[in-house]
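J.: Heads up: the sequence shown begins at 0 in numbering that gives the first Met the number 0, then just goes up one per residue.
I'd like to ask you about the structure that follows.
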Amino acid sequence: MGDRQWVQDIRNQQTILSLPFGLGWTIDITQTLVALAAAGMPAHVEAFDRLRFEDGRSGFLSTPNPTATINDDGTPAERTEDLMVIPGGSEGGVLSLARRYPDLVFVNGKRQRVWADGRQVYGSSMERDATPGWRTVFAIARTIALHGGGTRAIADRIGISLDEVRAAMPALGTNVFHTPIGWEAADQAALCDWALAAYPGYGGIRTCWRRDTTIDAQADQLIVLGGVMSDRWAAQQSGVIVPPDRLTAFFAQHPDMAALGYEPATVDEATVSVVIPQDTTVLTGAEGCCTDDFITAHVLYEDSWVAANTDAVDGLRQLLHFRSDLAHDLRWHPNNGSGEGGMS
């Protein structure tokens with residue numbers, strides 16, 4: 000049986016980035032959509048924080064992180080949605096009400112946060128307290144750990160701008176350094192472990208579905224539609240021994256699952272979970288039809304604590320260490336193979 004303590008140790012002890020508790024959470028809205036449909040208000044997912052109703056109205060979807068769209072001064076970013084949808088079970092819904100109606104005052108005694116006059120007036124804020132651009136920093140760390148490369152090569156591989164890479168790079172500090180052929184990790188194994196274990200999550204929303212076909216058939220169908228696969232199915236594609244009986248599909252836009260023959264399901268009954276991530280580097284930095292092994296390991300770790308998942312996470316960790324070492328050797332000893340690298 001594998002060990003999970005190393006992940007908790009890194010999360011508790013890491014000092015590279017400020018990552019407040021709750022950052023990167025993903026909320027399941029399957030039953031929210033079912034309830035809306037039953038109430039005669041059918042809606043579909045339009046973005047990671049937005050629904051679109053059949054009558055044309057849009058709805059702001061309150062997520063577990065109510066400060067994801069605030070300005071630097073603490074005031075909310077302008078929103079033009081017609082409705083606000085509160086899935087329930089999170090502080091975000093109540094705080095969204097406080098933002099929209101300035102005469103409401105909300106106090107979270109446990110977290111010591113106070114909202115009044117339409118803004119947060121006291122206490123911590125997940126997004127403000129987090130290191131700016133933390134999602135980009137993790138994407139860069141994953142790329143350097145496995146591929147190295149110059150600044151432009153890193154930007155191209157992640158699918159972000161050169162300026163975004165340059166702005167985020169200083170956060171990694173002495174954990175990376177520049178060489179004549181590009182950026183390298185000061186300690187490859189340590190950077191791999193940090194990028195895997197400290198990552199808070201991709202955020203956004205999740206819906207769960209079931210269809211009476213094989214997981215392989217469902218994966219093939221969703222890949223054709225532009226989905227990026229993850230979970231146990233993707234882990235097996237990477238060569239990790241794990242039952243390929245769970246599938247998570249990441250999309251930029253939510254597919255019409257009902258039209259594809261799926262029915263809403265609970266997390267335990269679902270054959271596939273569809274995620275619209277707030278962290279879009281999960282999509283732009285994907286390797287082929289699957290998420291990179293860092294994201295796949297994160298999905299498995301957060302999914303459950305069963306032994307199969309723990310063993311799969313440890314297997315992906317070992318695979319990442321091996322791939323990192325091999326790629327580093329090929330970059331610096333190209334006569335032994337075809338290396339890659341490049342000037343920034």
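Glycine residues also receive a C-beta, built at the ideal position from the N, C-alpha and C atoms.
Only counting runs of 4 or more residues, tell me where the alpha helix (DSSP H) segments fall wholly within the region 257–322, in order along the chain.
T.: Segments of the alpha helix (DSSP H) lying fully in the region 257–322: 280–283, 292–302.
J.: Any idea what DSSP makes of V136, helix, strand or coil?
T.: Of the three classes helix, strand and coil, the one that applies to V136 here is helix, per DSSP.
J.: Within 10 angstroms of the Cβ of T212, are there 16 or more other Cβ atoms? Answer buried if so, exposed if not.
T.: Answer is exposed; the Cβ neighbour count stays below 16.
J.: Taking the continuous alpha helix (DSSP H) assigned at L221, which residues delimit it?
T.: Where L221 is concerned, the enclosing alpha helix (DSSP H) stretches over 214–223.
J.: Since L315 and V239 should fall inside the 8 Å C-beta cutoff, what is the C-beta to C-beta distance between them, to a whole number of angstroms?
T.: Right, their Cβ atoms sit about 6 Å apart.
J.: Output the distance between the C-alpha atoms of C289 and D116, rounded to the nearest integer angstrom.
T.: If I take the Cα positions, the gap works out to 45 Å.
J.: If we count the other Cβ atoms within 10 Å of its Cβ and call it buried at 16 or more, is A38 buried or exposed?
T.: Its Cβ having fewer than 16 others within 10 Å, A38 is exposed.
J.: For S337, which three-state DSSP category applies?
T.: Legend: pLDDT at S337 = 46, less than 50; position of this residue unreliable, value from coordinates given subsequently. Here S337 sits in coil by DSSP.
J.: With DSSP as the reference, please indicate the residues paired to F176 in a beta bridge.
T.: According to DSSP, F176 bridges with E183.
J.: Please report the distance separating the alpha-carbon of A269 from that of N334.
T.: Approximately 49 Å between the Cα atoms of the pair.
J.: Name the DSSP beta bridge partners of R51, please?
T.: Beta-bridge pairing links R51 to H43, S57.
J.: From the DSSP output, read off the bridge partner residues of C207.
T.: According to DSSP, which records beta bridges pairwise, C207 is partnered with S272.
J.: Output yes or no for whether 8 Å exceeds the beta carbon distance between F249 and V281.
T.: Against a cut-off of 8 Å, the Cβ pair of V281 and F249 comes out as a contact.
J.: Near E53, what residues of its chain come up, given a Cβ to Cβ distance below 6 Å and the 5 sequence neighbours on each side ignored?
T.: Around E53: P41.
J.: Count the C-beta pairs between the region 306–326 and the region 156–176 that are closer than 8 Å, then say yes if the count reaches three, no if not.
T.: Because the criterion of three Cβ pairs below 8 Å is not met, the region 306–326 and the region 156–176 do not touch.
J.: Taking V227 as part of the beta strand (DSSP E), name the residues at either end of that continuous run.
T.: First-last of the beta strand (DSSP E) with V227: 227–229.
J.: Apart from the five residues on each side of it in sequence, which residues of its chain come closer than 7 Å, Cβ to Cβ, to V266?
T.: So the list reads D27, C207, once near-sequence residues are dropped.
J.: Are the beta-carbon atoms belonging to G147 and H327 less than 8 Å from one another?
T.: Cβ distance < 8 Å, so G147 and H327 count as in contact.
J.: Give the secondary structure of D328 by DSSP, where H, G and I count as helix, E and B as strand, and everything else as coil.
T.: In this structure, D328 counts as helix in the three-state DSSP scheme.
J.: Classify W24: buried if its beta carbon has 16 or more other beta carbons within 10 angstroms, exposed otherwise.
T.: Answer is buried; the Cβ neighbour count reaches 16.
J.: Just reading off the beta strand (DSSP E) that T247 is part of, what are its end residues?
T.: Element bounds for T247: 247–249.
J.: Got a sec? Which residues, its chain only, sit under 7 Å from A46 by beta carbon, not counting five neighbours each side?
T.: For A46, where only same-chain residues beyond five positions count, the Cβ hits under 7 Å are I275.
J.: Taking 8 Å as the cut-off, decide whether the C-beta atoms of R231 and D244 are in contact.
T.: A contact, by the Cβ cut-off of 8 Å.
J.: What residue range does the alpha helix (DSSP H) around Q12 cover?
T.: Run containing Q12: 4–12, per the alpha helix (DSSP H) assignment.
J.: Does the beta-carbon of H253 have 16 or more other beta-carbons within 10 angstroms, so that it is buried, or is it exposed?
T.: When all chains shown are included, H253 counts as buried.
J.: Measuring only the C-alpha atoms, how far is V136 from P179?
T.: If I take the Cα positions, the gap works out to 22 Å.
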